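Trainee:
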Amino acid sequence: MARDGFRPIALTRDLRFAAKVQPATALCRGGNGAAQFRSTPWADWANYWGTRDAISVPNPLVKQAGHLAPAQRGIDGALLDLEYQRIELIKFNLFDNNGTYPDFVQGRNGVPGSALKVWKQMRLPKTDPHYKEVGGDAEQVCKGELIRHRNVTGICNDIFNPLMGSTNQLFARNMTFDATFPDQGRTDLTRNRHGDRLGLMKPDPQVISRKLFTRAQSNPALCNDGYGLPGFSKDANCDYKKAPFFNVLAAFWIQFMTHDWFSHLEEGHNDTAYMPVGCASQKVNGVEQALSPEDAKKLGCRPDDRIDKAFVSESTDPKTFTSNGKQYLERAPKTFRNTNTAWWDASQIYGYDDRSRQRVKRDPRDAAKLLLVQIPGRTSAGDQLGYLPTLEATDPMNPEWAGQEATAFPDNFTIGLSFFHNVFAREHNAFVTEFRKQAAATPAADSGLRNPAAPGRVIRYRDITPDELFEAARLVVAAEIAKIHTIEWTPQLLYDEPLYLGMNANWSGLFGKSYPGVSEALRQIVTRNFGTSADAKKATQWYSVFASGPGIFGLGSHVYADDPVFAVFDPNKKDIWDINNPRHVNGGVNHFGSPFNFPEEFVTVYRLHALVPDLIEYRELGADPNQIKNKIPVVETFQAKATDAMRSRGLGNWALSMGRQRLGLLALQNDPRFLQNLKIPRLDSKTQQMDVIALDLIRDRERGVPRFNEFRRQYGLRQLTGFDDFVDKHVAAGSADYKEQQDLVRTLREIYGQHTCDAAKIITDTQRNEDGSPINDCLGHANGSTVDNIEDVDTVVGWMAETTRPHGFAISETQFVVFILNASRRLFSDRFFTSSFRPEFYTQLGMDWVNNNGPGPQMMEKGTPNGHTQPVSPLKRVLLRTMPELTPELNTVVNAFDPWARDRGTYYTLDWKPRKGAESDEAFRQK
Ligand code: HEM
C-alpha cells in the first residue's frame, strides 16, 4: 500500500473511487476480514479493524503502536475513504437548476466553474421589497439591517448572492440532469436501462407499500392498524423491528429537522389536481394483472384513494448547451420549489415567510421571548417554564391545524413535534433570561453585538432592544440545533468510531495532536493530485480536505494575513476580521461553484417514516420510570390531539417515554400501520385516507429521482447486479436473518420482475465495469440470460433493502453518501456557521452558549465513553435546562438519542441490556 501511494482523485466520473480499495489496502486496514468482502458492492471501510464494536479491535494492547496499531490503521483508513468520497462528491455531484450549470461546466471569464462564487441568478428580483436596498440593477451586496440576523425569508445569508437558499427557490439535483426522470426515456441509456417498464403507477405503489413495507403483526387485534386499544391500554401491541441504539426522540428529531430544511408543500397542500394512487394491478408469475376487489382487500390497499398532485415549477423542455463536444441539459426536465428556507435557521420555529411568521407568538411582557403559557395543574420545574400557546382563529393557517400549538411550520404535527417545539421555545427563553441576568449585573458592559449600519457603536447590555435580542437568540438556537445534529444525533445514527471522529471533525476539527497521520495523508492526497486547474483545485478539493482540519464551524470567523485554514496553526496570528469588510463577513462560505439548495435526492433519503413506532410506551417520572403505564398511538396525537396529549401529560413524561423507547429500524416491512391508513379530512376522495408510504414512492417518481441502481452509480457507489446482492454476506446461511432476507429477495423479484438481457444495450455512462468496458443490460450476466429488473427498483425500496451496513448504522450506505455531501454543504455554505459566527452577530454570551452548550463554563461528561473525554452533550444540556425534573434520569445518559435505560457498555456495543437501576424495565424483556 505504501509503495503504491495514495490513489488519485478521479479525473472523470466513470473512474471514481466507489468506496472500494485495493487488495493490499484492505489487508492492511482489516486483514482477511476486510479483503474477503471486496467483491460485494458495499463500502470496504465497514470491514476495517476498529470500525465496529470491541470484536473489531484485534489486540487492544498494541495501542502503544499509535497509528500503526491495527485498529488505528482501520479507523484512519475509514476516515481517508470517507474524505475521498466527499472530495469526489463535491467534484461530480453538484447540479444547480437555476441556470448556473453551463457556467459550472464551462467556467466564466477564465475562472473555472467550481471556483465561481457569485451568480446573477442569485440576485434579488425587482419584485422583492429589498431589491433597491441591495443595489437594484447594479452589483447587489446586502448590507446594514439585512446582514444582521437570519432574515425571515432566508435572503442575504450570502451577502453577494442575496437570493440563495431563500424561501421558494428551486431544489437542486445531485444527479446528471439527463439521468433524472428515467420514465421519460429521453436518452438511449435510460431506454436501454428500463425499457417501457416504468411509470408513475408502475409498478403499483400501493401494492409495493403493502407487500414490502407493512409491519407484520403477531396479534393484529392488539395493534388495530396502529390505533391501539381503548383507554390507551398497555396491553396494546404493534410489533416493529427496533434499533437498540437509537430512541424515539431521534425519530421525531429528524422530522423536526426536515421541517427546517425543506418542503414541497404550501401550507400543508399540494397542487389542486387529483390523481389515483394505485392499488390497481400486481404481477402474477411475471405478468401484470388487474387487482380484483378481493385481491385489494387481502392486500389491505384502497383503489379509491386519490391524492393531490405535486407542485411543479417548470416543465418545459430544458435548453441544451455543448462543451468540449458533449451536449448537456441546462436543468432537469422538471423543477420544483423548496417552499422553506434551505438554511439551517430554525425556520420551523421562527418562520420562513410573512405568513408563517405571524404564527410565531412573542411574549408581551418581554418581546425578546417566545410566548409560553402556564397550564393549570402542571407543576414540575420544567412546567413552570411554560408551554406553547395554541394557534388562534385569526392566525393564517390550514384549517386542519386548528387547536394545535402555534409554530411556524405546523404540518404533520404529532406529540414528537410538539415535544421539540416546546423544548426549543423554552431554550430560546432560557437564553434570553440569562442575557437579562447578565444585563442586570453588568449593564454598561459590551455585549459584543454590533449594528453593521453603525459598526463603530458599542452595544452595551443595557442598550440591546427586544428585537435585537430575539434575533440573537434565534441565531443561538439555530446553531445549537446544528451542533446537536452534527455531534449528537448523527454519531448515534452512525454509531461507530470513524463516524464519531468524522462528525466531530465536521464541527470542530480533526487535525492536530490526535490525528497527525490522517492530516498528513490528506495533505499528500491533495498535493499529489493535480486537478485541471490550480484554482479549481484550491476552491474545491483543497478546501474540503483542509476543512476537516480546523472543522467547518467557524471557518473564516477570524481573518489572518495568511491563508485562513493554515493560519489556524500559527501561534502568532493576529485577527483582522472586520464587520465593515463584506469579504470578511462572507469570507468563510464556500459553495464549490454551485449555489446552495438541497437536491431532490436529499429529500428522498429522508423519507424515514419507518423510524416511527405505532404506539408510544408511556411512562411517568413521578411513578416508577421502569413501568410502562399506557400504550398511546402516535395517530391519537395527530394535529390538535398532540397539544392535548402534551398538556395533559407533560413535557417531562413524554421526554422519559420517548427517551427510553427504541425507534423503528429503517428496513423493509417495517413502516407504521397508521401511516398507511392515515385519515386526512381535507382530501377530496371517497376514502379521505392516505397511504403515506405509497406516497413516498409516488412523489419520488413525480420528481424524477433516478431509480436505485443508477442513483448509487451517480453517487459513486457500486451497482448491484441482481436482487441477491441485497443479502448480507456476513449473515450465516440458514440463519433466521438469512431466511428473512431471502424471502424479501423473492418479493422484490415478484414485484419488479425479470427480463431477458441484451448485452448490446449500454445502460449508463456514469460508471464502467472494472475491466473498463461499458455497463450493459446484462450487468455481467451472460447475454440472453434472465436477469432481475434491479434497475427499476424505487430508490426508497432499494436503500430500505440494504441489509449490509457499517456497524451501528441506522441508515444505509446509500443514504449516508447523500448526507456526506449535503450535510457538509449545509455548513460550508452558511455564513452564520462560518465567517459570521462572531459576537458582532451572536453576542458574546451567545458565542459562549453555543461553544459551551449553555451558560457558564463547559461541563465534562463522567468517564471516557467509547474511549473519549467529551463535554456533556448539547441536547442533554438543553433537556436538563428545560426540564430540570429529568436530572436523575439523565444522570447516566451520554447521548440523548441512545435509549436512556440502555447499558452503553464498552466500545460501540449494540446490546439491548438495562443499565443499573433499570433491570425491571419491561422494555428489556421485549425482542
Ligand atoms: C409521525 C408522524 C408523521 C406523519 C403523520 C407524516 C406525514 C407525512 C405526509 C402526509 C407526507 C406527504 C406529503 C405529500 O407529499 O403530500 C410526508 C412527507 C414526508 N415526510 Fe413525513 N410524516 C411523519 C413523520 C416523519 C418522520 C419521522 C420523518 C423523518 C424525516 C418524515 C419525513 C418526511 C419527508 C422527507 C417527506 C417529504 C416532504 C416533502 O416532499 O417535502 N416524516 N409525511
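Using our numbering, the first residue of the sequence shown is number 1133, and each one after it goes up by one. Ideal Cβ positions, reconstructed from N, Cα and C, are used throughout, including at glycine. Source: prediction; values computed, not measured.
#1: Can you list, in chain order, the residues of its chain with a C-beta nearer than 6 angstroms to that of Asp1357? Leave out the 5 residues immediately preceding and following it.
#2: Can you pull the DSSP bridge partners for Asn1401?
#3: May I have the straight-line CA-CA distance separating Lys1466 from Thr1319, to the nearest angstrom?
#4: What distance in whole Å lies between the Cβ atoms of Pro1584 and Arg1282, which are believed to be in contact at a cut-off of 8 angstroms?
#5: Do Asn1300 and Arg1469 count as a contact pair if the criterion is CB distance below 9 angstroms?
#6: Would you list the one or two residues that DSSP bridges to Glu1333?
#7: At a cut-off of 8 angstroms, would you count Arg1739 as near ligand 1, judging by its Cβ distance to the nearest heavy atom?
#8: Relative to ligand 1, is the shortest distance from any of its heavy atoms to the C-beta of Arg1347 smaller than 8 angstroms?
#9: Going by the C-beta, is Ser2052 closer than 8 angstroms to any heavy atom of ligand 1?
#10: Just checking Asp1357 against ligand 2 - is the residue's beta carbon closer than 8 angstroms to any of the ligand's heavy atoms?
#11: Could you tell me which residues DSSP puts in a beta bridge with Met1254?
#12: Tell me, please, whether the region 1336-1345 touches the region 1827-1839 by the rule of three or more beta-carbon pairs shorter than 8 angstroms.
#13: Quick one: residues in its chain with C-beta nearer than 8 angstroms to the C-beta of Asn1402, no 5 flanking neighbours on either side, listed in chain order?
#14: What number of angstroms, rounded off, separates the C-alpha of Gly1109 from the C-alpha of Tyr1180?
#15: Take Leu1211 and list the residues in its own chain whose beta-carbon comes closer than 7 angstroms to its own, dropping the five residues that flank it on each side.
#16: Which of the three DSSP states is assigned to His1887 in this structure?
#17: Tell me which residues share the same chain as Leu1321 and place their Cβ nearer than 7 angstroms to its Cβ, disregarding the 5 neighbours each side in the sequence.
#18: Hey, how far is the Cα of Phe1292 from the Cα of Lys1430?
#19: Please classify Arg1589: is it buried, with 16 or more other beta-carbons within 10 angstroms of its beta-carbon, or exposed?
#20: List, from N- to C-terminal side, the alpha helix (DSSP H) runs of 4 residues or more that fit wholly inside the region 1805-1837.
#21: Less than 8 angstroms between the CB of Arg1805 and some heavy atom of ligand 1, yes or no?
#22: For Asp1185, count neighbouring Cβ atoms within 10 angstroms of its own Cβ and tell me buried if that reaches 16, exposed if not.
#23: Mind reading off the beta-carbon distance from Gly1483 to Ala1540? Whole number of angstroms is fine, and I expect it under 8 angstroms.
#24: According to DSSP, is Asn1561 part of a helix, a strand, or is it coil?
#25: Going by Cα to Cα distance, which pick from Thr2014, Pro1435, Phe1556 and Thr1546 is closest to Asp1477?
#26: Name the one or two DSSP bridge partners that Met1529 has.
#27: Among all the DSSP beta bridges, which residues are the ones paired with Ile1684?
#28: Considering Cα atoms alone, identify which of Phe2029, Ser1365, Ala1586 and Gly1297 is closest to Asp1485.
#29: Would you give the residue range spanned by the alpha helix (DSSP H) that Val1949 belongs to?
#30: Let's test the definition: count the other Cβ atoms within 10 Å of the Cβ of Phe1453 and tell me whether it reaches 16, buried, or not, exposed.
#31: Quick one: does the C-beta of Met1790 sit closer than 8 angstroms to a heavy atom of ligand 1?
#32: Quick check: does the Cβ of Leu1827 come within less than 8 angstroms of any heavy atom belonging to ligand 1?
#33: Got a sec: does ligand 1 put a non-hydrogen atom nearer than 8 angstroms to the Cβ of Phe1770?
#34: Apply the 10 Å Cβ neighbour rule to Gln1536 and answer buried if 16 or more other Cβ atoms are within range, or exposed otherwise.
#35: Mapping DSSP to helix, strand and coil, what is Gln1414?
Mentor: From the atom records:
#1: Arg1805 and Asn1809
#2: Note that residue 1401 is His in the sequence shown here, rather than Asn. His1401 is bridged to Glu1398.
#3: 16 angstroms
#4: Actually they are not in contact, since the Cβ atoms of Arg1282 and Pro1584 sit about 14 angstroms apart, beyond 8 angstroms.
#5: yes
#6: Checking the displayed sequence, the identity of residue 1333 turns out to be Met instead of Glu. Per DSSP, none; premise fails for Met1333.
#7: yes
#8: no
#9: Checking the Cβ of Ser2052 against ligand 1 gives no.
#10: With respect to ligand 2, the structure shown offers nothing to examine, as its ligands consist of ligand 1.
#11: For Met1254, which the question treats as bridged, DSSP gives no partner whatsoever.
#12: yes
#13: Apart from the 5 residues on each side of it in sequence, Asn1402 sits with its Cβ closer than 8 angstroms to the Cβ of His1396, Ile1439, Asp1440, Lys1441, Ala1442 and Phe1443 in its chain, given in chain order.
#14: No answer is possible for residue 1109: the residues shown for the chain start at 1133 and end at 2059.
#15: Pro1630, Leu1633, Gly1634 and Val1650
#16: strand
#17: Once the five neighbours on either side are set aside, the close Cβ partners of Leu1321 are Ile1894, Ile1895, Thr1896 and Asp1897.
#18: Phe1292 and Lys1430 have their C-alpha atoms spaced approximately 58 angstroms apart.
#19: A residue is called buried once 16 or more other Cβ atoms fall within 10 Å of its Cβ, and Arg1589, having fewer, is exposed.
#20: 1805-1808 and 1824-1834
#21: no
#22: buried
#23: 4 angstroms
#24: helix
#25: Phe1556
#26: BP columns for Met1529 are empty, so no partner.
#27: DSSP, once it has assigned bridges, lists no residue as partnering Ile1684.
#28: Gly1297
#29: Glu1945 to Phe1960
#30: exposed
#31: no
#32: yes
#33: yes
#34: Gln1536 comes out buried.
#35: Annotated three-state conformation of Gln1414 is strand, per DSSP.
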